[in-house]
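Report on one structure; see the data block that follows.
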């Protein structure tokens, strides 16, 4: 106990936390039971200190960000996930499907060289095929060859596979050849069968999502991973999700970053659910950093967390704050009250206000020169 107090600056609140601290300080892996204890610890100070210890051991004082552009190519979706405020039916007011030219024009709004990272996701649109996806990527890379294209979630990859009749590995290879450098982490939601049945019964299973992630990694395509939280899930659901990601990362090493996504309940059937408060959010970030000892980066998606939590998270395990984003729509359809995008100076200021050092990166976490 005295050793922990000297190193962390605070005495562990209970014996079990002292044992967990011993593991963290010695670089030993935490168990799922350790994770549950951390999630159920009333205070957030000590788990936060442990997460910050690991964060600074990995990344020092820097927080990374990218100059990026989010583009949602369609909100017309064959799935009807209960938590989603973004989807529309074909022809419904507010439904929209972008052409490849419109997608490229949106990316070019950042300038002729384009942003460092272009992030493309949409919906399971019956009229947006693999051929359409390939045409979009080729046109983007022709117009902005220096930009990293992170496009299409693993759920969308499965959709393209079913529509085209091609196996997922071939779909991934074609997208990679066209210019996709990485896949986003969306669609993971929560892997547990019971909570997933409640949230998105028509979506691919958690096991299928993990299988596709493994295929991507084996194909040399890195991905991110996400977890949707604040939808009435249990602590066990959260730890199960983290443990499955950690297990896959042990086998493939292909996850670049993990992003906890705070549920935006506006315009959904979950409007009466209790929202996850600031302390709960910080606890999720802390535990994610401590359990996911093999995933390099923990990213805070400020659009959903809010700007104030994005500042605080950098002391609770997060080492990346997403980026400029520009025109994020999915979270805002659910009621997010954050800006649609930030300037590069805004992002740097957000990082500096937290006492961290801004470090610009590309979509693959390579440092880029200050522009």
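Numbering (the working numbering), first residue to last: 4 to 374. Glycine is no exception: its CB is placed at the ideal position from the N, C-alpha and C atoms.
When secondary structure is reduced to three states using DSSP, residue 21 falls in the helix class. Residues 353, 356, 357 of the same chain have their beta carbon placed closer than 7 Å to that of residue 314, with the five preceding and five following residues left out of the count. Listed in chain order, the non-local C-beta contacts of residue 231 below 8 Å within the same chain comprise 86, 191, 192, 193, 202, 264, 266, local neighbours out to five positions each way being set aside. By the Cβ-count criterion, residue 128 is buried, with 16 or more other Cβ atoms from all chains shown falling within 10 Å of its own Cβ. Cβ neighbours of residue 291 within its own chain (closer than 7 Å, five residues either side excluded): 245, 261, 263, 301, 320. Excluding sequence positions up to five before and after residue 92, its CB lies within less than 8 Å of the CB of 79, 98, all in the same chain and listed in chain order.
Counting only runs of 4+ residues, the alpha helix (DSSP H) found wholly inside the stretch 92-139 occupies 103-111, in chain order.
Each of 285, 94, 225 was checked against the Cα of residue 157, and the nearest Cα belongs to 225. If you draw a straight line from the Cα of residue 284 to the Cα of residue 253, it comes to about 26 Å. In this structure, residue 138 keeps its C-beta atom at 8 Å or more from the C-beta atom of residue 107. Fewer than three pairs of CB atoms, one per stretch, sit closer than 8 Å, so the stretch 34-47 makes no contact with the stretch 64-71.
Residue 323 and residue 19 have their C-alpha atoms some 30 Å from each other. In this structure, 235 is the residue among 282, 81, 167, 235 with its C-alpha nearest to the C-alpha of residue 275. When DSSP reads this structure, residue 323 sits in a beta bridge with 67, 302.
Residue 229 is classed as buried because its beta carbon has at least 16 other beta carbons within 10 Å across all chains shown.
Contact between residue 112 and residue 153 does not hold, since the beta-carbon distance rounds to 18 Å and is not under 8 Å.
For residue 219, the CB contacts under 8 Å within the same chain, skipping 5 residues up- and downstream, are 157, 160, 175, 186, 225, 226, 257 in chain order.
Looking at the backbone, the Cα of residue 16 and that of residue 41 are separated by about 11 Å. The three-state reading of DSSP puts residue 147 in coil, since its state is none of H, G, I, E or B.
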